[in-house]
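*Asks:*
See the structure below:
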């Protein structure tokens, strides 16, 4: 039995209330459990959002420290992963704001209902190519690199995390209609980019 | 009709379909090779997207766990210190309130005994009474300023 699973055994289940109580107490064994349990999903989300392995690694650590510091704010009525991804997203925005302060307004207050995050495209080809395996790897990586980060984000939350649309709207902090619109457009763009290899 | 089918192909993946929409789409795909191809392409795209398997460095998780433990200890220690400070403040305030009448009389007596003007001994009383709160407030402000510098804010 792993160290992390001992927390679950002790509390007798994965109730959100137990997680909230453990976070309020800053229980180290709960943190171990959460990090171990969500490490992969959080890292994948950060990688999809930033497109940079190094940045995803840095933000991964910062996200967990923020979870520890803000743990008292977690409400059991939220799914833990929804709260976790919301924190991670805010850290990514802070990070990008530091990197390109002139685009803060564009970042947080897009003009129009469905304008994606206007980020400088620093996505490295290798970051996505390392993520995808198989013969389609290069094509999928290229397609993702050409998607705006906000489209990559909702696609990841929907199709990697299997989140409900309402949960995605909560994480992203946009209306449900915007989430849907980004999903449809992102899917269409991805299909357009990959059309040739499926022809 | 084809537009409707293509819209439903995407909707199936994004939002899900009602039973009626599902039946209509299935019937259409049976008879339309072009839309069926689009449906297959969409499924392949999503399959490729879901194949994302980033290599995760286990050392990163371990390092994060260690960092979280250290930070948790720091936060708990700070919380304990802050709690002690607040308790001291509360006790000081209670004692101040309880002792205020006695202190007032003592100040009045000193003023009478050494012929100090009323304004002066009253000011002395006020200073003596607010001194603990002022010291505690200064201590809290100092701690917060130090915390802001430490965290680089």
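Chains as they are written, first to last, in this note's numbering: chain A, 490 to 688; chain B, -10 to 142.
Ideal placement from N, C-alpha and C gives every residue a C-beta, glycine not left out.
(1) Taking 9 Å as the CB-CB cut-off, is residue 12(B) touching chain C?
(2) Any beta-carbon of chain B closer than 9 Å to the one on residue 558(A)?
(3) Classify residue 91(B) as buried or exposed, calling it buried when 16 or more other Cβ atoms lie within 10 Å of its own Cβ.
(4) Beta carbon of residue 537(A), beta carbon of residue 644(A): below 9 Å?
(5) Strictly below 7 Å CB to CB, what residues from chain A border residue 50(B)?
(6) Using 8 Å for Cβ pairs, my map puts residue 648(A) next to residue 39(B). What's the rounded Cβ distance?
(7) Of all the options 664(A), 634(A) and 529(A), which has the alpha carbon lying nearest to the alpha carbon of residue 574(A)?
(8) Count the other CB atoms within 10 Å of the CB of residue 101(B); is the residue buried (16 or more) or exposed (fewer)?
(9) Taking 8 Å as the cut-off, does the stretch 565 to 580 of chain A touch the stretch 655 to 669 of chain A (at least 3 CB pairs, one atom from each stretch)?
(10) Would you say residue 54(B) faces chain A, with C-beta separation under 9 Å as the test?
(11) According to the neighbour-count rule (16 or more other Cβ atoms, all chains shown, within 10 Å of its Cβ), is residue 657(A) buried or exposed?
(12) Do residue -9(B) and residue 21(B) come within 9 Å of each other at the CB atom, strictly closer than that value?
(13) Let me see if you follow: with CB-CB separation under 9 Å, is residue 639(A) close to chain B or not?
(14) Give the straight-line distance between the Cα atoms of residue 510(A) and residue 516(A), rounded to the nearest whole angstrom.
(15) Residues of chain A with CB under 9 Å from residue 2(B), in chain order?
(16) Measuring straight from C-alpha to C-alpha, what distance separates residue 554(A) and residue 541(A)?
(17) Look at the alpha carbon of residue 108(B) and the alpha carbon of residue 97(B), and state the distance between them as a whole number of angstroms.
(18) With three or more beta-carbon pairs closer than 8 Å as the criterion, would you say the stretch 6 to 15 of chain B touches the stretch 69 to 79 of chain B?
(19) What does the alpha-carbon distance come out to for the pair residue 504(A) and residue 518(A)?
(20) One question on the structure: do residue 572(A) and residue 635(A) come within less than 9 Å of each other, judged by their Cβ atoms?
(21) From the DSSP output, in three-state form, read off residue 534(A) for me.
(22) I want to verify the contact list: residues of chain A whose CB lies under 7 Å from the CB of residue 69(B), in sequence order.
(23) So, for residue 646(A): in the same chain, excluding its five sequence neighbours on each side, which residues have a beta-carbon less than 8 Å away from its beta-carbon?
(24) Assuming residue 85(B) is part of the alpha helix (DSSP H), what are its boundary residues?
(25) Between which two residues does the alpha helix (DSSP H) holding residue 567(A) run?
(26) What is the DSSP secondary structure of residue 650(A), reduced to helix, strand or coil?
(27) Cutting at 8 Å between CB atoms, please list the residues of its own chain near residue 673(A), excluding the five before and the five after it.
(28) Output, in sequence order along the chain, the residues in the stretch 62 to 90 of chain B whose CB is closer than 9 Å to any CB in chain A.
(29) Is residue 45(B) close to chain A, meaning its C-beta is less than 9 Å from at least one C-beta of that chain?
(30) Show which residues of chain B have a CB atom less than 9 Å away from the CB atom of residue 665(A).
(31) Where do the N-terminal and C-terminal ends of the alpha helix (DSSP H) with residue 515(A) fall, by residue?
(32) Which residues in chain A sit within 8 Å of residue 30(B), going by Cβ to Cβ distance?
(33) Report, in whole angstroms, the separation of the C-beta atoms of residue 654(A) and residue 665(A), which I expect to be a contact under 8 Å.
(34) Apart from the five residues just before and just after residue 89(B), which ones in its own chain have a Cβ nearer than 8 Å to its Cβ?
(35) How would you label residue 559(A), buried or exposed, when you count the other beta carbons within 10 angstroms and need 16 or more for buried?
*Replies:* Inspection of the coordinates gives the following:
(1) Chain labels in this structure do not include chain C; the protein chains are A and B.
(2) Against chain B, the CB of residue 558(A) has a partner CB under 9 Å away; the residue lies at that interface.
(3) Residue environment analysis places residue 91(B) among the exposed positions, since fewer than 16 neighbouring C-beta atoms fall within 10 angstroms of its C-beta.
(4) Inclusion of residue 537(A) and residue 644(A) in the CB contact set at 9 Å is warranted, their separation being smaller than that value.
(5) Simply 524, 525 and 528.
(6) Between residue 648(A) and residue 39(B), the beta carbon gap of about 6 Å places them in contact (Cβ cut-off 8 Å).
(7) When each option's Cα is compared against that of residue 574(A), the closest is 529(A).
(8) Exposed is the call here.
(9) yes
(10) Yes - at least one Cβ of chain A is within 9 Å of the one on residue 54(B).
(11) Under the 10 Å beta carbon count, residue 657(A) is surrounded by 16 or more other beta carbons and is classified as buried.
(12) yes
(13) no
(14) 9 Å
(15) 647, 648, 672 and 676
(16) 20 Å
(17) 11 Å
(18) no
(19) 15 Å
(20) In this structure, residue 572(A) lies away from residue 635(A), with their beta-carbon atoms at least 9 Å apart.
(21) DSSP places residue 534(A) in helix when its eight states are reduced to three.
(22) Those within 7 Å of residue 69(B) in chain A number zero; the least Cβ separation is about 12 Å.
(23) Closer than 8 Å at the Cβ level, and outside the excluded window around residue 646(A), lie 534, 574, 652, 656, 657, 660 and 661.
(24) For residue 85(B), the enclosing alpha helix (DSSP H) has its first and last residue at 47 to 102.
(25) First-last for residue 567(A): undefined, no H or E at that position.
(26) coil
(27) Hits under 8 Å: none found.
(28) 62, 64, 65 and 68
(29) Answer yes: the Cβ-Cβ gap between residue 45(B) and chain A drops below 9 Å somewhere.
(30) Within 9 Å Cβ-Cβ: nothing; residue 665(A) doesn't reach chain B, min ~10 Å.
(31) Premise fails: residue 515(A) is in no alpha helix (DSSP H) and is neither H nor E.
(32) 680, 683, 684 and 687
(33) 6 Å
(34) 118
(35) exposed
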